[in-house]
Each structure stands twice: as C-alpha cells, then as structure tokens.
Amino acid sequence: MRRMHWQWLALIAVLGMAFAVAAPGAAAQIAVQVGPPPACPYGYYDVPPYDCAPYGYYGPEWFANGVFIGVGPWFHGDEHWRGRVDYDHYGWDRYHGARPHPGDRADAGHRVDHMENFHGSQMRDGHGHVSAGHGDGRH
0 MRRMHWQWLA LIAVLGMAFA VAAPGAAAQI AVQVGPPPAC PYGYYDVPPY DCAPYGYYGP
60 EWFANGVFIG VGPWFHGDEH WRGRVDYDHY GWDRYHGARP HPGDRADAGH RVDHMENFHG
120 SQMRDGHGHV SAGHGDGRH
C-alpha cells in the first residue's frame, strides 16, 4: 500500500511540474501616473515625454476658442476624432527650432484658429496613432 501511495505522489508531482513548465507566462502590467498635462501654449507632443510642441505643429482643429484640446493620456475625446499635424515639426528627429516651455504664453501674433501657411503631413487621433488620411495633401 505504501508503494502505491508514493507512486501516486510521484505522478502528481511530475504532472504538476509539467503544467508549470507549459503554463504561459503572465505579462507584467505597469501603471504609471502621468499627472496633469503641461501648460503649453500650442499643445504638447502626443508621445512621452510630452514636451511642448511649437506653433504650427498642430492644425486649427486641435484648438477650441484658442484653447488646446489635448493629446496623450489626458485626451478623452471622441474616438473617431482626427486632426492634422505637421510632422516636419516633430521634436526628436526633425524639428530643430525653438520650442516653448511649460507655462509660456502664446505669441499674440499667432492665431491658432486659423494658420495661413499650415501644411499638415499626417492625421492623428490624439493618442499618438496615425490615421489613414494624410493631412491636407500638400506634403
């Protein structure tokens, strides 16, 4: 009887190890508290570290009565909403001009509701995703 008992225990142990080895690993989930959006006069880039974007990066549809709508983890707009951006003003690999700092005020001479020379090169959704449309067709 004792021999049969040990055989069952050994079988259960072997099966347990087989299931443990075959079980898929669980992906770790990390929660990051981002905090409030930076106070940037012309909005901020829609990917970390969310630096302030220069005048002309976002098209007029990103502003409501001169106030930036928002992007990134703070953007909770309509999931079908899209807006034009000028990717030539993207901060890390293309644009090398001056960018505003959080807390700076917008230049009174720059109207965000109408940008005469704005050339959108992409359509974006506010969460960093590029849409199927391509800006205003001038790029």
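Going by numbering that gives the first Met the number 0, the letters in the sequence shown line up with residues 0 to 138, in that order. Glycine included, each C-beta is placed from N, C-alpha and C at the ideal position.
**Prompt:** So, is VAL148 buried or exposed, given that buried needs 16 or more other C-beta atoms within 10 angstroms?
**Reply:** For residue 148 there is no data in the structure shown, the boundaries of the chain being 0 and 138.
**Message:** Please identify the residue among CYS39, PRO35, ALA9 whose C-alpha is closest to the C-alpha of ALA106.
**Reply:** Here residue 106 is taken as the residue at index 107 of the sequence shown, counted from 1. Correcting the residue identity first, residue 106 is Asp in this sequence and not Ala. Closest by alpha carbon: CYS39.
**Request:** Determine, using beta-carbon pairs with one atom in the segment 119 to 127 and one in the segment 65 to 83, whether at least three such pairs fall under 8 Å.
**Result:** yes
**Prompt:** Can you list, in chain order, the stretches of the beta strand (DSSP E) that have 3 or more residues and sit fully within the segment 38 to 126?
**Reply:** 82 to 84, 121 to 123
**Request:** Out of ARG83, VAL70, GLY65, point me to the one whose CA is closest to CYS51's CA.
**Result:** As a position in the sequence shown, residue 51 is number 52, starting the count at 1. Ranking ARG83, VAL70, GLY65 by Cα distance to CYS51 puts VAL70 first.
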